[in-house]
Structure formats: C-alpha cells, structure tokens
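Written out below as structure tokens is the structure these notes cover.
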Amino acid sequence: MSEGLKITLIVILSLVLIIFGALSFMTRNIALDIVRHPMEERPEMKESPENYGLAFEKVMITTEDGLALFGWFIPGDNGGTVMIQHGSPGGRQDGLYEAAFLNKAGLSVLLGSFRAHDECEGNLISFGYYEQKDLKAWHQYLLGRDDVDPGRIGLFGESMGGGTSILYAAGDPGVQAVATGSAFSLTQEVVEKFIEFETDLPPALIPMLAKFIVFWVEQEAGFKAAALDTESVIADISPVPVMIIHGGADDIIGPQVGLQLFEAAAEPKELIWIEEAGHVNFEDFEPEVYQEAMVDFFNQYLLGD
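Residue numbers (our numbering): -3 to 301.
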C-alpha cells in the first residue's frame, strides 16, 4: 500500500470517527433532554378540583421503589371509581375536565401524578415502563380505601398515561375497564413523530438519528424500548373491556395508532373516532360524543348499567 493511500485512509477513518462521535454526543444530549424532567422544568400547576367546584382530598403515596407521588381523590356516590392517568410533560391537572364530567355522573375519581411530574419525586420519564409502578401504587391506594369497591375500578389514561394503562392492565391487576385517549403504540413512525415533536431536528434527519436517540434513551433509563410495545400486549387485557379514543388529526403520534391498537385489542372493545381531533383534545371538537362515550363505558362495565 502506497504512503499516499495510507494517508487517505487515515483521513477518511478519522473523519468517520469524528462524525460518529459528534452524532453520538448530539443524540445522547437529545435523549437526556427527552427522559430527564427536573422540577424546575415542569409545567406550573395552575388548577385543582376546586376550580371545577369539586370536593376533593389531597393524597400522597409512596411507590415500591420509594418515590413520593401526589394526587387528588374526588368522591362520588354511585360505587364506581375511575383512575385518570396524565400524559407527559403534563400532570394531574390535565385530567380535571374528564374528572368533572365523570364525577357529575356519580363516579369517584382519582387523579394521581406519575414520577417526575408535578411535585412528585423522581427526575426520569420512562414513558410507561417505570410509571407502571406508580399506577400500581395508586391502585393499591384505592384498594385500601373503605369507600372504594375493589370490584368497580376502571382506568382512563391519555397519551403516555394511556400507554401505561395498557401495559399495566395487560398484567391482569384486577381492574374492570380500561379507556385510553391518544395512547401510543411503539412503531418506528411513532418514535420519529415523537422525536420531531420533542426536538428541533430537521425532519429529514430524524429517520437516520432516531435509532441513536432510542439507544441513548435505553441506556439512560435502563430498559429496552420494546418493553413499551402496547400493541403486542393489548389483547392480554381481555376479557376486561377496552375503549380506544383517538383523533383523526393527531399530529404527535399519528391517527393510525388508534386504529392499530383497536385492531390488536381483543373483545370486548370499542373505538371512538373523532375525526377532527388532534392529540388529547377531543373536548375541543366533539365534547358531547366524548363525554357520553366515557360515561356510558364506565357505567356499563363498572356499574352494570
């Protein structure tokens, strides 16, 4: 090999290593921005059940791995209880709209925050993996209340909360009904859409960089992204009923995800499709359809109405 060729190969190899190192550095920082959620970066909590005229109790629990979580319990009078799980980077106040109309229908409602959201302990978001521990802790809290019928507890989760609800319910924890709004399914397209939403990366670069970002998320969070594949486990929720609510204009995870989850779910199942709705904003387009579907679903499967 000539000296000139050796120098050329060394230069090329050096450039490749520099580019690879730069990509690794950049995508790792993006991944850290996605999964880390310190207190100072969380949205301010501006509302409580009091803003909706609802009587409520402030609740604090501790997860099995020692994190303090905070929530609101809103008592009802018909014997059924619905746990509402928020998305990210929001918090329990995001479920107040649903809590108000469900409670008006007589249902008790628990709005419990996930780790690394609101004032809760923890700084790491895992998009449903560790949040299942939080949902388990909230469920156990309800099971310990004298005014909650353990055989009449349902779940409603939005976005990340919807995915977490699917993952948790697939493990047969003993809930009686599961509804989701804009829940995710783990596909390459969803990952790319989410990265586009969460970052300022040019869309043309995202398909190439997505695998790097997912790799660093896995390293930081300590689990494999495949563990969040809701589509592969949603059928395991059966015979517990599932209702999928999704918008035809969802620009964060895409409208096709709702259809994929519904197709993968086993009976009994329902699909509420709100064509003009985007991501978790159903009340802005078909509020009556949305409210009626939710109330009827939980009345049927928690109360037998």
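Virtual Cβ for every residue (Gly too), placed ideally from N, Cα, C.
Sequence-distant residues of the same chain with beta carbon closer than 7 Å to A166, five excluded per side:
Reading the sequence shown from its first residue, position 170 is the one you call residue 166. Hits under 7 Å: V229, I230, D232 and I233.
Query raised in the report: Closest by CA to P264, which one among A175, I80, A221 and I202?
Result: To locate residue 264, count along the sequence shown from 1; it is residue 268. Answer by Cα proximity: A175.
Three-state class that DSSP yields for A173 in the structure shown:
The residue given as residue 173 occupies position 177 in the sequence shown. Strand, per DSSP.
Which parts of the stretch 58 to 121 are runs of the beta strand (DSSP E), unbroken and 3 residues or longer, counting only runs that do not cross its ends?
64 to 70, 77 to 81 and 104 to 108
Relative to the alpha-carbon of I57, which residue among F110, P235, D168 and A206 has its alpha-carbon at the smallest distance?
By 1-based counting over the sequence shown, the position of residue 57 is 61. The shortest C-alpha separation from I57 is found at F110.
_Rounded to the nearest angstrom, what separates T183 and S(-2) at their Cα positions?_
Counted from its first residue, the sequence shown places residue 183 at position 187. Counted from its first residue, the sequence shown places residue -2 at position 2. About 48 Å.
Review point. So E154 and H82 are in contact, right, with Cβ under 8 Å, and what is the actual spacing, rounded?
Key: Along the sequence shown, read from residue 1 onward, the residue named residue 154 stands at position 158. Along the sequence shown, read from residue 1 onward, the residue named residue 82 stands at position 86. Contact between E154 and H82 holds, with the beta-carbon distance rounding to 6 Å and staying under 8 Å.
Notebook entry, point to check: Shortest alpha-carbon distance to S181 belongs to which of L151, A223, K207 and V144?
Noted result: Here the question's residue 181 lines up with position 185 in the sequence shown. The shortest Cα separation from S181 among L151, A223, K207 and V144 belongs to A223.
Three-state secondary structure assigned by DSSP to F219:
Counted from its first residue, the sequence shown places residue 219 at position 223. In the three-state scheme derived from DSSP, where H, G and I count as helix and E and B as strand, F219 is classed as coil.
Practice problem: Using a threshold of 8 Å, state whether the C-beta atoms of I191 and V171 are closer than that. | Solution: Along the sequence shown, one-based indexing puts residue 191 at 195. Along the sequence shown, one-based indexing puts residue 171 at 175. Cβ atoms of I191 and V171: not closer than 8 Å.
Classification of L106 by the beta-carbon crowding that lies within 10 angstroms, buried from 16 upward:
Locating residue 106 in the sequence shown gives position 110, counting from the first residue. Per the 10 Å Cβ criterion, buried.
- request: Work out the CA separation of I8 and F152 for me, nearest whole Å.
  value: Start at 1 with the first residue of the sequence shown, and residue 152 comes out as number 156. Start at 1 with the first residue of the sequence shown, and residue 8 comes out as number 12. Our two residues, F152 and I8, have alpha carbons roughly 54 Å apart in a direct line.
Just to confirm, is the Cβ distance from K189 to Y164 under 8 Å? One-based indexing of the sequence shown puts residue 189 at position 193. One-based indexing of the sequence shown puts residue 164 at position 168. Cβ atoms of K189 and Y164: not closer than 8 Å.
Between the C-alpha atoms of E185 and T226, what's the straight-line distance to the nearest angstrom?
Position 189 of the sequence shown, counted from the start, is the residue given in the question as residue 185. Position 230 of the sequence shown, counted from the start, is the residue given in the question as residue 226. When rounded, the distance between both Cα atoms is 15 Å.
Open item on the list: Among the candidates I248, E60, G218 and E266, whose CA atom is the shortest distance from the CA of I240?
Closed with: Residue numbering aside, residue 240 sits at position 244 when the sequence shown is read from its first letter. Comparing Cα positions, the closest option is E266.
Next item on the list: Just the C-alpha distance for A95 and G76, rounded to the nearest angstrom, thanks.
Entry: The sequence position of residue 95 within the sequence shown is 99, counting from 1. The sequence position of residue 76 within the sequence shown is 80, counting from 1. Whole-angstrom Cα-Cα distance: 13 Å.
- Query: For the beta strand (DSSP E) that H242 lies in, which residues bound it at each end?
  - Reply: Indexing the sequence shown from 1 puts residue 242 at position 246. Start and end: V238 to G243.
Check your understanding: Alpha carbon to alpha carbon, how far is S44 from Q89?
Key -> Stepping through the sequence shown from its first residue, residue 44 is reached at position 48. Stepping through the sequence shown from its first residue, residue 89 is reached at position 93. Approximately 6 Å, taken between the alpha carbons.
- prompt: In three-state terms, what does DSSP make of I149?
  reply: Indexing the sequence shown from 1 puts residue 149 at position 153. In the structure shown, I149 adopts extended strand secondary structure according to DSSP, grouped into three states.
Give the DSSP-derived three-state secondary structure of M22 in the structure shown.
In the sequence shown, the residue the question calls residue 22 occupies position 26. M22 falls in the helix class under three-state DSSP.
Checklist entry - Would the beta-carbon of F281 fall within 8 Å of that of I270? => result Here the question's residue 281 lines up with position 285 in the sequence shown. Here the question's residue 270 lines up with position 274 in the sequence shown. In contact: F281 and I270 (Cβ atoms closer than 8 Å).
Problem - Backbone CA spacing between L197 and V31 [nearest angstrom] - result: Taking the first residue of the sequence shown as 1, we reach residue 197 at position 201. Taking the first residue of the sequence shown as 1, we reach residue 31 at position 35. Cα-Cα distance, rounded: 17 Å.
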